[in-house]
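Below: the structure, in structure tokens.
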Amino acid sequence: MNIFRLAGDMSHLVAILILLLKIWRSRSCAGISGKSQVLFALVFTTRYLDLFTSFISAYNTVMKVVFLALSYATVYLIYMRFRNSYDSENDTFRVEFLLVPVIGLSFLENYSFTPMEILWTFSIFLESVAIMPQLFMITKTGEAESITNHYLFFLGLYRALYIVNWVWRYHTEGFFDQIAVVSGVVQTIFYCDFFYLYVTRVLRGRGKMSLP
Amino acid sequence: CHRSRTKDEL
Numbered sequence: 001m002n003i004f005r006l007a008g009d010m011s012h013l014v015a016i017l018i019l020l021l022k023i024w025r026s027r028s029c030a031g032i033s034g035k036s037q038v039l040f041a042l043v044f045t046t047r048y049l050d051l052f053t054s055f056i057s058a059y060n061t062v063m064k065v066v067f068l069a070l071s072y073a074t075v076y077l078i079y080m081r082f083r084n085s086y087d088s089e090n091d092t093f094r095v096e097f098l099l100v101p102v103i104g105l106s107f108l109e110n111y112s113f114t115p116m117e118i119l120w121t122f123s124i125f126l127e128s129v130a131i132m133p134q135l136f137m138i139t140k141t142g143e144a145e146s147i148t149n150h151y152l153f154f155l156g157l158y159r160a161l162y163i164v165n166w167v168w169r170y171h172t173e174g175f176f177d178q179i180a181v182v183s184g185v186v187q188t189i190f191y192c193d194f195f196y197l198y199v200t201r202v203l204r205g206r207g208k209m210s211l212p
Numbered sequence: 213c214h215r216s217r218t219k220d221e222l
């Protein structure tokens, strides 16, 4: 563990908590893409299958349980608890356009052709595109509430910090996970235009921000 | 490509 990865995990946790608390306190999920949240729950489910089979550390196990619980809680709030505020007309991204290529690629490009490894690879590739329905929804509705922007900022920051972690681990312990690195770079690139807008607009207190 | 070591990352 290094400070970059710890900061990344904390940023990820903050992002998930920001969204969950926003929905819970405003008792509404307007402007939130339920599809992206379902995809994130799927990412955690397919990635953390080794939760009971391999013990890495208490931190690792606790964080996996927390991420799984919070992501399913978010999906529950959107599709069950506050479903009448779910904006399905604007959450229309065709997730099959993400799932089909990701499934295909995880069968083609993986470290070993075993169910656990293919599911892990699937989760890595899926995570890099899981935010697309949310970004698409923001372009469609024309703007995002500032709290949603903070969510996206910390979510994008988490994988950017992981990239720094991978550089650090490569130079200190020769660790290199090609699939995770390539996918993580792609994922972070998707946030770049958002990062630019976030810094130039949201942090200047303009609250609402619209993606181009 | 590289076989990834134990998955110690989240």
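Line by line, the protein sequences give chains A and B.
According to this note's numbering, the first sequence is numbered sequentially starting from 1.
According to this note's numbering, the second sequence is numbered sequentially starting from 213.
Positions of the beta carbon are idealized from the N, C-alpha and C atoms, including for glycine.
Original post:
Is Q178/A buried or exposed, if buried means 16 or more other CB atoms sit within 10 Å of its CB?
Top reply: Position 178 of the first sequence holds residue 178/A. Exposed, because fewer than 16 other Cβ atoms sit within 10 Å of the Cβ of Q178/A.
**OP:** Indicate whether the contact test is met: 3 or more Cβ pairs, each with one atom in the segment 82-91 of chain A and one in the segment 101-117 of chain A, closer than 8 Å.
**Re:** no
Original post:
Alpha carbon to alpha carbon, how far is I78/A from L68/A?
Top reply: Walking along the first sequence from the start, residue 78/A turns up at place 78. Walking along the first sequence from the start, residue 68/A turns up at place 68. Taking the Cα positions, I78/A is about 16 Å away from L68/A.
Original post:
Under a CB-based cut-off of 7 Å, is I253/A close to chain B?
Top reply: A question about residue 253/A goes unanswered here, because the residues of chain A that appear run from 1 up to 212.
Subject >> Simplified DSSP state of M209/A, which is helix, strand or coil >> reply: As a working mapping, residue 209/A is identified with position 209 in the first sequence. Strand at M209/A.
Subject >> Extent of the continuous alpha helix (DSSP H) run through M116/A >> reply: By 1-based counting over the first sequence, the position of residue 116/A is 116. That run of the alpha helix (DSSP H) goes P115 to V129.
Original post:
Can you name the residues of chain B whose CB is closer than 8 Å to the CB of F257/A?
Top reply: The structure shown does not extend to residue 257/A, since chain A is modelled only from 1 through 212, so no value can be given for it.
Original post:
What is the DSSP secondary structure of A144/A, reduced to helix, strand or coil?
Top reply: Along the first sequence, one-based indexing puts residue 144/A at 144. Strand, per DSSP.
Original post:
In or out: V102/A buried (at least 16 other Cβ within 10 Å) or exposed?
Top reply: Counted from its first residue, the first sequence places residue 102/A at position 102. So V102/A ends up on the buried side.
Subject >> CB of G34/A within 7 Å of CB of Y76/A, strictly >> reply: The count along the first sequence starts at 1 and reaches residue 34/A at position 34. The count along the first sequence starts at 1 and reaches residue 76/A at position 76. Going by C-beta atoms, G34/A is not nearer than 7 Å to Y76/A.
Original post:
What residue range is occupied by the uninterrupted alpha helix (DSSP H) comprising Y198/A?
Top reply: In the first sequence, counting from the first residue as 1, residue 198/A sits at position 198. For Y198/A, the uninterrupted alpha helix (DSSP H) segment begins and ends at Q178 to T200.
**OP:** Please check if any C-beta of chain B sits within less than 7 Å of the C-beta of I56/A.
**Re:** Locating residue 56/A in the first sequence gives position 56, counting from the first residue. Answer yes: the Cβ-Cβ gap between I56/A and chain B drops below 7 Å somewhere.
**OP:** Could you name the residues of the same chain whose beta carbon sits closer than 6 Å to that of Y191/A, not counting the 5 residues immediately before and after it, in chain order?
**Re:** Mapped onto the first sequence, residue 191/A falls at position 191. G156, listed in sequence order.
Subject >> Contact under 7 Å by Cβ, S123/A with T46/A >> reply: Looking up residue 123/A in the first sequence gives position 123. Looking up residue 46/A in the first sequence gives position 46. In this structure, T46/A lies closer than 7 Å to S123/A by Cβ.
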